[in-house]
């Protein structure tokens, strides 16, 4: 009896490890022989749905990799077949089902997992594009693109590491860039020597390669790589007599100092690397359009934005060695501002108060200025969590921090349901925001992954614990009259919802973005909340 798995990343876990089959990777000489008895042929349709089009290669585990077409949804797919099925394929199929709970745009999706006894196969997303290794064959990438690729890889690793797994095979040959520019990490192959720390240091290697065209990890050749594949085809980094690699800025001109420092820190075995989620957040901060690069100070990995209220870099909190340089820069700016202020006072009229406006006569306490007297800015969100009052499993709560990380390409997503109203199983799900303290709020903007969702914005004054009962208490309290901001968006035809209508005389600390209906997708009904921002004072 065929069994199916829901949408997922392109990961197959075997015995707690991750195994990923990437297009274009040749089998090594030690790979087990492929069982060709009953092997598929072009034109054959599996499970009355997946037509095989072209045999691409065999992976190092002896599985056959085919390009195919989903004849129902008319989309290209990759089909990985294993002979035989049954007990010998149990781990592969069970792992595909488990991996379906992890969804991330920088990991290839799994569509199906089927056992036919004599063979088993996993159907997954097909990506048209090329590897980073091939992309950089014509020369190093510009720093902005290298940063964007590093950010995508780190984000993919953060999703894998959150499950406790290790990728173990991060290098330019397994970083795929689609024709549309999407970056996908594939072909994970781990063994007992692999670790999450090695994954993170490999991101430094990816950045180094993208910036220079050289691979800095000569001690870690691709296992089973044949000529022209994997790390074996990548030239080694420029090294001195002691074996130390040259920094990217020594190899080519135009590499910003902050990116050079971050890359070399990740490659330095004497510096403990940050976690993958912290690294992804830092690269997201640095991943800015070229026209905005003047916001980046060139002295360290901290991002110096025009908004002085912005929280410090995640790597600063992690204790990176370059943070001291960035702090020194901030202190220098503050000192210059102080000197300018003193100079202005000294050069003014003899009576320093002659041209000053009269002192305010209001008896209101200090700091109680009206919103009209304070500039509107992006407010920092101090806490975020997913609200799911109708679920006992509570397995959709992870990844809430991605909703407020400043990167609209990453977010939290619901599971896929069979009907718009959460498969008629839930009244809704929500994203709860804590501003840390009461603020005057001007607007709230939510960016979604698709059109057709229904949602509303609610406010409240309570913060129940994160549990089914706590979530029920919150929704009940927040759904009282007068707590809805503006009008609910019903079957919204855009991917951005903006809620205005806040009371200018009231301050808010807790907000609840409450989703009542999901948009249709090719797999069912599902939505990702990519980013929520709050404007106020």
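Numbering (full-length UniProt numbering), first residue to last: 1 to 537.
Virtual Cβ for every residue (Gly too), placed ideally from N, Cα, C.
All values reported here derive from a predicted model rather than from experimental measurement.
Alpha-carbon to alpha-carbon, residue j and residue i
i           : j           : result
residue 556 : residue 124 : Residue coverage of the chain in this structure runs from 1 to 537, which leaves residue 556 outside it and unanswerable.
residue 366 : residue 198 : Its pLDDT being 44, under 50, residue 366 is placed unreliably in this model, and the value from its coordinates should be taken loosely. If I take the Cα positions, the gap works out to 52 Å.
residue 409 : residue 74  : 26 Å
residue 241 : residue 134 : 30 Å
residue 530 : residue 213 : 33 Å
residue 390 : residue 428 : 8 Å
residue 107 : residue 186 : 7 Å
residue 223 : residue 516 : Confidence at residue 223 is low in this model, with a pLDDT of 35, below 50, so the placement of that residue should be treated as unreliable; the coordinate-derived value is given next. One C-alpha to the other measures close to 49 Å.
residue 378 : residue 450 : 24 Å
residue 162 : residue 111 : 21 Å
residue 376 : residue 403 : 21 Å
residue 281 : residue 270 : 22 Å
residue 201 : residue 150 : 11 Å
residue 279 : residue 160 : 14 Å
residue 486 : residue 155 : 34 Å
residue 103 : residue 523 : 13 Å
residue 518 : residue 68  : 29 Å
residue 416 : residue 525 : 5 Å
residue 177 : residue 70  : 22 Å
residue 439 : residue 508 : 5 Å
Simplified DSSP assignment, three categories, for residue i
i           : result
residue 497 : strand
residue 474 : helix
residue 140 : coil
residue 614 : The displayed coordinates of the chain run from 1 to 537. Any statement about residue 614 would go beyond what the structure contains.
residue 251 : helix
residue 535 : strand
residue 109 : strand
residue 394 : coil
residue 275 : coil
residue 213 : coil
residue 145 : helix
residue 285 : helix
residue 296 : Note on residue 296: pLDDT 43, under 50, position unreliable in the model; the coordinate value appears next. Residue state, collapsed to three classes: coil.
residue 88  : helix
residue 379 : coil
residue 451 : coil
residue 260 : helix
residue 238 : coil
residue 150 : helix
residue 70  : strand
Supposed close pair residue i, residue j - CB separation, criterion 8 Å
i           : j           : result
residue 532 : residue 441 : Not confirmed; about 12 Å, so no contact.
residue 127 : residue 184 : 5 Å
residue 284 : residue 411 : That pair is no contact at about 12 Å.
residue 81  : residue 49  : Between residue 49 and residue 81 the Cβ distance is about 15 Å, and since that is not below 8 Å, they are no contact.
residue 152 : residue 210 : Their Cβ separation, rounded to whole angstroms, is 11 Å, which puts residue 152 and residue 210 out of contact at 8 Å.
residue 448 : residue 527 : 6 Å
residue 203 : residue 132 : So it is not a contact: roughly 12 Å between Cβ atoms.
residue 66  : residue 79  : 4 Å
residue 456 : residue 488 : 4 Å
residue 452 : residue 492 : 7 Å
residue 237 : residue 245 : 4 Å
residue 381 : residue 400 : Their Cβ separation, rounded to whole angstroms, is 10 Å, which puts residue 381 and residue 400 out of contact at 8 Å.
DSSP beta-bridge partners of residue i
i           : result
residue 462 : Answer by DSSP bridge pairing: none, since residue 462 is not bridged.
residue 65  : 57 and 80
residue 417 : 525
residue 115 : 120
residue 157 : None, per the DSSP bridge assignment.
residue 444 : 499 and 534
residue 130 : 177
residue 194 : In DSSP, residue 194 forms no bridge with anything.
residue 184 : 176
residue 422 : In the DSSP output, where bridge partners are listed per residue, residue 422 has none listed.
Check: Just checking, does the stretch 433-450 make contact with the stretch 508-526 on the three C-beta pairs under 8 Å criterion?
Finding: Yes, the stretch 433-450 is in contact with the stretch 508-526.
Notebook entry, point to check: Can we say the stretch 156-173 touches the stretch 116-123, given the rule of at least three CB pairs closer than 8 Å?
Noted result: Put simply, the stretch 156-173 does not touch the stretch 116-123. Fewer than three CB pairs are less than 8 Å apart.
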